[in-house]
Each structure stands twice: as C-alpha cells, then as structure tokens.
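Participant:
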Amino acid sequence: MTVVVGLLAISDHRAGPGFPAAKASVLHSSHAGDPIFRTEHALDRDRWKGIVIHHSGEPAGDADSIRRLHVSRGARMMGYHFVIGNGNGMSDGLAHVGERWIRQLPGWHAVGPNAEFYNQHTIAICLVGNGDRRPFSERQTTQLISLVRRLQRELAIPPSAVRLHRDVAADLTTSPGRHFPTAVLDRQLLNPLR
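For the sequence shown, the working numbering begins at 30 and goes up steadily by one.
1. Compare the beta carbon distance of residue 70 and residue 132 with 8 Å and say whether it is the shorter of the two.
2. By the three-class DSSP mapping on this structure, what secondary structure does residue 110 have?
3. Taking the DSSP output, what are the residues bridged to residue 144?
4. Can you name the start and end residues of the beta strand (DSSP E) that residue 125 belongs to?
5. Comparing C-alpha positions only, which one of 136, 85, 89, 97 sits nearest to residue 109?
6. Would you say residue 157 and residue 119 are within 8 Å of each other, going by their C-beta atoms?
7. Under the rule that 16 or more other beta-carbon atoms within 10 Å means buried, what is residue 198, buried or exposed?
8. Consult DSSP for residue 192 and reduce its assignment to one of helix, strand or coil.
9. For residue 74, does the count of other Cβ atoms within 10 angstroms reach 16, so buried, or fall short, so exposed?
10. May I have a chain-ordered list of the beta strand (DSSP E) segments no shorter than 3 residues that lie completely inside the segment 151 to 190?
11. So is residue 62 buried or exposed if we call it buried at 16+ other beta carbons inside 10 Å?
Next comes the structure, spelled out in structure tokens:
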C-alpha cells in the first residue's frame, strides 16, 4: 500500500484519510505499471467479473464522507472501490482508490435481487454528485472512462459487464441518475477484441 500511496502522491487533502487519490493526469491510460493495479494483495482476477457505476446522490462529498455514511449504515469501511470527485469536497476528476480495492475485498454497494453477486464480483465506482439533478463534470466523465477502460483491459471485463446501478437494482434506484452520459460511456467501452 505504501507504494500505491507514494505513486499517487499528488492528492487532495479532502479526499479522505489514509487512502490514495490522484488527479486525472496521474492516472494515465497505460496499464503497464499502472498504480491502480499496485494493490496490497494480488489482483483477484477470478473475483472481478464486471463494473457497476454509481452516484453518491449528494451534490458534494468525498471518500471520507461516503465512508462515514456507509459505516453509519453497518459497513466496516466505504462500500465502493473507487470514488471520483466533482470539485465539491474533492477535486474535480480526482480518483480516490478505496480500501476495498487496495485489499481486493468485495464491495458493499449493490441493492436488489442480485446484490450478492454484484457485491462479491463487481468493482464499484462512485461519482460524487446527483445525476438526477445535474450532469457530471467533463473531468469526472473523462476520469470514469479512463478508469473503466483500464479495468476492462487489465481484467478482461467485456462491455456487457459494465453496468449502471439502476440496471442491476431493478426499480430500487435511479443511480447514477438520468443525466448520466450513458451513450458517451457506451461508445468508449473497450471492445473485447482490442
């Protein structure tokens, strides 16, 4: 973990205590030596089958405020693997690498009839903001696409396994909201043959 913290040293003091965060420029698109894959435990390639994208539902926040909310609801730590800031509480486009990812632990993020599968086998990415009220920033969207593509490439995740929370939780949530740029993301997903 020390290596990851060192590599992601360009951080925002508001991103949350003890865990790395990095500006979009630091989280580059090449996966060779990519710091997000330098985890405390080896990548659990058999576990990760997909990605689920969420919003925080609040106009402002950071990884620590999300962690506090999750802990107050019974989690041991923040339920997401990654959080991407919007400039309100966490720098715009800043990607926070969560403790669950660093330790290669299952998430605590999905609701609905298949929540057990999604919590155990998908990587949770949360965009700070409420996509039902306003669009996400261009920097958030750019960082999200970069992160998703890097995870797809490294873990052989097909486009069909990149889902929105509302798609896996039936009628229980609208996350990441009606303003989420679904078409933009869909056009940018890696084709499994690339």
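For each residue, glycine too, the CB sits at the ideal point set by N, CA and C. Because the structure is a prediction, the values reported are computed rather than measured.
Facilitator: In short, the structure shows the following:
1. The answer is yes: Cβ separation under 8 Å.
2. Coil, per DSSP.
3. Partner(s): none; residue 144 has no beta bridge.
4. Its beta strand (DSSP E) spans residues 124 to 126.
5. Minimum Cα distance to residue 109 is reached at 136.
6. The beta carbons of residue 157 and residue 119 sit closer together than 8 Å.
7. By the 10 Å Cβ count, residue 198 comes out buried.
8. Assignment of residue 192 by DSSP, reduced to helix, strand and coil, places it in the strand class.
9. Flag for residue 74 reads exposed.
10. Those beta strand (DSSP E) runs which fall completely within the segment 151 to 190 and span 3+ residues are 151 to 156.
11. Residue 62 should be labelled exposed.
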